[in-house]
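What follows is a short report on a single structure.
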Amino acid sequence: MTWIDLGDPLPRPAPERYEPLEWEMGDVCPLPASSEALVRPFGEVLDARTSHREFGVVHDQQLGTFLWHACRTRGIGTSNLGFDLEHRAAPSAGAIHPIHIVVKRPGDDRWWMYEARAHQLFELRHATGKLAGLYELSLQVLDGDEATRILFLAEPGKTLGKYQEGCSLVWRDAGALLAVMALTATAQGLNFCPLGITGEPWVSSLADQGKLAGVGLALLGSATRT
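Heads up, the sequence shown is in UniProt numbering, so the first residue is 1 and it goes up one at a time.
Pasting the structure below:
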């Protein structure tokens, strides 16, 4: 067994400014804002959380509510890193939030990036072909053709501009985000399951070498009757 030592992250004496990627966008899909509170008691949510392997289709209101509670930007702050800091439900090293959420819905070949500030999805141009192999692999790992696939697409340069040896921070951000998503899905009565695959090598092909990395994939669906 080999353990990969990712080093100990430390803030850089002087941060390195990073210019975030500019995405080629296609169609825009506004999501309904959620006025619906998650009323299930938190202790009950913790006890009920489990990974499910069967999925029904999630409709727009359910997906919008899920992303609203788990992923939306709740506040912003200025920084000297080249981009704003953000407050979201999941913790992130330095409030940087380097992980973009990209979803693929059943019956739609396109992949849609979640815009956390505007609470909307926009079509990620050229992703259909470049991520086709990832979609096929995800079906081999867990055949859920009615599930919504949620891809964790990291922009590591955002975190590495502030931290030396910061790669493990991106992975920890991914774990924290998975946990928040799993609990949110449970609170909504939805089924959720993280997969072991990361999204590589397909994710990194979406931009110049070293700009992007896949750090996780999960499935979301409505509860199915047994």
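Idealized CB from N, CA, C, for every residue including glycine.
Compute the Euclidean distance between the alpha carbons of residue i and residue j, then round it to the nearest angstrom.
| i | j | result |
| --- | --- | --- |
| Thr-198 | Ala-174 | 10 Å |
| Asn-191 | Pro-13 | 44 Å |
| Phe-42 | Val-58 | 23 Å |
| Thr-65 | Ser-34 | 5 Å |
| Gly-94 | Lys-104 | 29 Å |
| Pro-9 | Ser-92 | 14 Å |
| Leu-151 | Leu-177 | 12 Å |
| Gln-188 | Asp-47 | 14 Å |
| Gln-164 | Glu-136 | 36 Å |
| Ala-182 | Val-45 | 10 Å |
| Ala-223 | Gln-140 | 21 Å |
| Asp-84 | Pro-11 | 17 Å |
| Trp-23 | Trp-112 | 11 Å |
| residue 227 | His-119 | For the chain, the structure presents residues 1 to 226; residue 227 sits outside this window and is missing. |
| Gly-53 | Gly-166 | The displayed chain sequence assigns Arg, not Gly, to residue 53. Rounded to whole angstroms, Arg-53 to Gly-166 spans 33 Å at the Cα level. |
Can the beta-carbon of residue i be found closer than 7 Å to that of residue j?
| i | j | result |
| --- | --- | --- |
| Ala-70 | Thr-184 | yes |
| Arg-49 | Thr-73 | no |
| Leu-6 | Ser-168 | yes |
| Leu-219 | Ala-147 | yes |
| Leu-55 | Gly-221 | It is worth fixing the name first, because residue 55 is Phe in this sequence and not Leu. Yes, Cβ-Cβ distance for Phe-55 and Gly-221 is below 7 Å. |
| Thr-2 | Ile-96 | no |
| Val-180 | Ala-90 | yes |
| residue 227 | Glu-86 | Since the first residue of the chain shown is 1 and the last is 226, residue 227 is not available in this structure. |
| Gln-61 | Pro-32 | yes |
| Ser-51 | Cys-193 | yes |
| Lys-130 | Leu-21 | no |
| Tyr-114 | Leu-38 | no |
| Trp-202 | Leu-134 | yes |
| Glu-16 | Gly-144 | no |
| Tyr-18 | Gly-82 | yes |
| Thr-128 | Arg-149 | no |
State the beta-bridge partners of residue i as determined by DSSP.
| i | result |
| --- | --- |
| Pro-194 | Ala-218 |
| Tyr-114 | Leu-121 |
| Tyr-163 | Pro-11 |
| Pro-41 | Bridge partners of Pro-41: none, in fact. |
| His-87 | Gly-75 |
| Lys-104 | Arg-149 |
| Val-58 | According to DSSP, which records beta bridges pairwise, Val-58 is partnered with nothing at all. |
| Val-203 | Val-203 is not bridged to any residue. |
| Asp-30 | The sequence given here has Pro at residue 30, not Asp. Paired residue(s): Gln-120. |
| Met-25 | Leu-124 |
| Ala-174 | DSSP, once it has assigned bridges, lists no residue as partnering Ala-174. |
Is residue i buried or exposed, if buried means 16 or more other CB atoms sit within 10 Å of its CB?
| i | result |
| --- | --- |
| Ile-101 | buried |
| Ser-138 | buried |
| Thr-226 | Bear in mind that a pLDDT of 47 at Thr-226, under 50, signals an unreliable position, so the number given afterwards is only what the model happens to contain. Classification of Thr-226: exposed, given that the 10 Å Cβ count is below 16. |
| Glu-200 | exposed |
| Arg-117 | exposed |
With a threshold of 7 Å between beta carbons, is residue i in contact with chain C?
| i | result |
| --- | --- |
| Gln-209 | Chain labels in this structure do not include chain C; a single protein chain is all it has. |
For the ligand GTP, I want to know if residue i counts as a neighbour, meaning its beta carbon is within less than 6 Å of at least one of the ligand's heavy atoms.
| i | result |
| --- | --- |
| Leu-134 | Among the components of this structure there are no ligands whatsoever, and the ligand GTP is therefore not found. |
Whether or not the region 205-213 and the region 143-163 are in contact is what I'm after, with contact meaning three or more pairs of Cβ atoms, one per stretch, closer than 8 Å; do they touch? Yes, since at least three Cβ pairs between the region 143-163 and the region 205-213 fall closer than 8 Å, the two stretches touch.
Counting pairs of beta carbons, one from the region 118-129 and one from the region 25-34, are three or more of them closer than 8 Å? yes
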